[in-house]
Each structure stands twice: as structure tokens, then as C-alpha cells.
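In this note's numbering, the protein residues as written are 242 to 583.
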């Protein structure tokens, strides 16, 4: 989406160089909005079938996204977005690309992204290459103890400002993410046992979904289900959570640790990796990675930062505090703290 031609040409040449066959699809967010906003089922089914046909026949996928206007889809109705997600996004990406291809997704730095990050274009470009080119090999070694701890943990409790959540991750697979799928990267994820989540959380990071910016999201859980949801746009929030039955259950829980990402910029590929944060995701679980059985057209990563600047907070594994105020405090996990990953 919204990519410069020179980068696409460079990728085509590199794919040829390593013996691959490049297939290119260049998209534009304004055109995508025009396709989606009419809410036409036949159009979305045809587009989804076409892209699914192609996706089934590729071995690898590189997704690059620039950004001219992150709010391009903000005036598309919930009905139209539900149709798009059901007939195009979910069958192509959730059902085929993620489980069946070798894929990587990354951003392209643009002036509008620099504006989102409240930085100059030059400063943002420096930041972008720092977060994308850190020593992922070192990170991959440092995350192993966290993966093992999560695999051995039954009960998780999370606290913070206006937040107290508890849930089980027993017998759910755990996946470390250290530069193979997303760039930038830096998280370790699993999923809660579907009906185990209880408590409440007041997210302290704004989030953009379907082109609309949400802030002050507060969710209350009972037996896994979101039974109350409020935000700056409560009606639209609940419209999304009512997309299908699975949208009110959690499909992912992840702990993040990219040392160069310390503040949000309304781009989830960056925000979900903020050092000292975690994200909790209403909607679809990853069937082949960390499956708790939840299925939905929605997959909405919501971020909570636990550093002192954001009010602090703790993460407990089976009553042991493993991270406090965004810093890992047990000896085997200290390698994931920012000072040790840079």
C-alpha cells in the first residue's frame, strides 16, 4: 500500500537474484476505501476469491505498507467493514497467508508516519532503521527463558492503573517473535484459555482500527467474555465487538520488549512492540501458532504500557512477579530489558 516504485523494483530484482518468481500487487488506500465502502457482498466475495486463488499458489509473502492517511477508512460503515473482513481479509490472510506461507510484514517510513510519531522526517527515519535492524539474533537468545516460563505457567495476573486481570494460559502454545515475521519485532505471545479471563483493563495507549482512532478503552471480562466496553467512541467500539461471537473473546496475549520503541505512534506494528508493554487482543486466535479455539473476523491488538511514566504495573506468573513497572525482575528474564538488548 502507498509504496514508492523504487523499493518495489529493488525487491523484484532481489527475488530474481535468489531464484524466485516475483508477483506484485500494488495497492492504494483511497482505492481500497472505494472498493470497501459500498458494502457490496458480491464485490468482496469476488475480490476475496481472486486473492485467495493467488495466495494459495505462493510460497512467500512480503507485505509493505506506506501511510498517507491512517484515517482513510474512518467513514466506512461497520456493516461494510464486516463484509470486507468476512469475505476478503479473513479467508485470504487469516486462513491462508498466516498459516500456510512464509511471510513478513513491514512499514515504509513516510512523513505522515513521522507526524504520527511526533518527530521530524529525518529523526523518524533514524528511529525506523534502529528498531528494524537491531540484533534480532541476540533477542532470539534472550527470549528463550520467557518462552519456557510461559509454557510452564498456568495462571497470569496483570495489574496497573484501573487494571486487574487474571486468566489461564495452561497448555496454550507460546511463540517468540524476533524478526522472522514482523519488522520491527520483539514480543512473545500466546493466548488465554478462552473462558478463563476475568477482571478489567483500562488501556492507556490509543489504537486505530478500521481507520478510527480509539482512546480510553476500558473492557470488563467475565468467564472470558467482554461484558462491558467503553471508550471515547463507545458505540463504534461495541459495533466492532459485535462483529461476530468471537470478537468479544481474547485471541492473543503478548509481552513486548523492543528496546528502541518506547512510546506509541498509532501504528500497531510498532506500538505492540513497545518495551515494557503487553497487548491483549479481542478476536481471532492464530490457529497454527497459539490456538485457544477462538474464531473471529476481528483481530484487534490493544496495548497497555506498564512503565512508570504510564502509572506502572506488574505481571505475575503463578503468583510470582516477573515484570514490574515495565522491567523484568527475575534473573533469567533480565536479558530482555532494554539496556541488555541494545
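We put the beta carbon where it would ideally sit given N, CA and C, even for glycine.
Please read all numbers here as calculations on a predicted model, not as lab measurements.
Length of the line joining the Cα atoms of residue i and residue j
i           : j           : result
residue 484 : residue 323 : 6 Å
residue 506 : residue 455 : 13 Å
residue 253 : residue 272 : 23 Å
residue 274 : residue 512 : 24 Å
residue 401 : residue 547 : 7 Å
residue 313 : residue 453 : 9 Å
residue 395 : residue 279 : 46 Å
residue 249 : residue 576 : 37 Å
residue 613 : residue 562 : Nothing in the structure corresponds to residue 613, since the chain is present only between 242 and 583.
residue 375 : residue 393 : 29 Å
residue 409 : residue 432 : 9 Å
residue 289 : residue 331 : 9 Å
residue 334 : residue 341 : 10 Å
residue 436 : residue 385 : 28 Å
residue 244 : residue 572 : 43 Å
residue 412 : residue 339 : 22 Å
residue 358 : residue 508 : 9 Å
residue 301 : residue 291 : 17 Å
residue 582 : residue 449 : 28 Å
residue 268 : residue 542 : 24 Å
residue 266 : residue 552 : 44 Å
residue 434 : residue 255 : 42 Å
residue 467 : residue 461 : 6 Å
residue 471 : residue 310 : 26 Å
Per-residue burial, residue i [other beta carbons within 10 Å of its own, 16 or more giving buried]
i           : result
residue 428 : buried
residue 247 : exposed
residue 368 : buried
residue 257 : exposed
residue 383 : buried
residue 270 : buried
residue 285 : buried
residue 537 : buried
residue 574 : buried
residue 430 : buried
residue 569 : buried
residue 370 : exposed
Residues of its chain near residue i, where Cβ-Cβ distance is below 6 Å and the 5 sequence neighbours each way are ignored
i           : result
residue 443 : 403, 404, 459
residue 320 : 280
residue 407 : 398, 439, 440
residue 564 : 556
residue 329 : 285, 288, 289
residue 277 : 317, 321, 325
7 Å Cβ shell around residue i - same chain, five flanking residues per side excluded
i           : result
residue 632 : Because residue 632 is not part of the residues shown, which for the chain are 242 to 583, the question remains open.
residue 337 : 293, 296, 297
residue 446 : 505, 512, 544, 545, 546
Contact under 9 Å by Cβ, residue i with residue j
i           : j           : result
residue 422 : residue 317 : no
residue 315 : residue 354 : no
residue 260 : residue 399 : no
residue 465 : residue 497 : no
residue 499 : residue 426 : yes
residue 420 : residue 380 : yes
residue 414 : residue 387 : no
Contacts around residue i, its chain only, beta-carbon distance under 8 Å, and the 5 residues preceding and following it disregarded
i           : result
residue 539 : 326, 481, 482, 484, 485, 487, 488, 523, 524, 525
residue 549 : 566, 567
residue 502 : 372, 425, 427, 511, 512, 514, 515, 516
Residue i: CB within 8 Å of a non-hydrogen atom of the ligand FMN
i           : result
residue 247 : With respect to the ligand FMN, the structure offers nothing, as it holds no ligand at all.
Is it true that the segment 532 to 550 meets the segment 483 to 499, where meeting means three or more beta-carbon pairs spaced less than 8 Å apart?
-> yes
Inter-stretch contact (C-beta, 8 Å, three-pair minimum) for the segment 361 to 370 and the segment 549 to 567 = no
Just checking, does the segment 340 to 359 make contact with the segment 465 to 476 on the three C-beta pairs under 8 Å criterion?
-> No, they do not touch.
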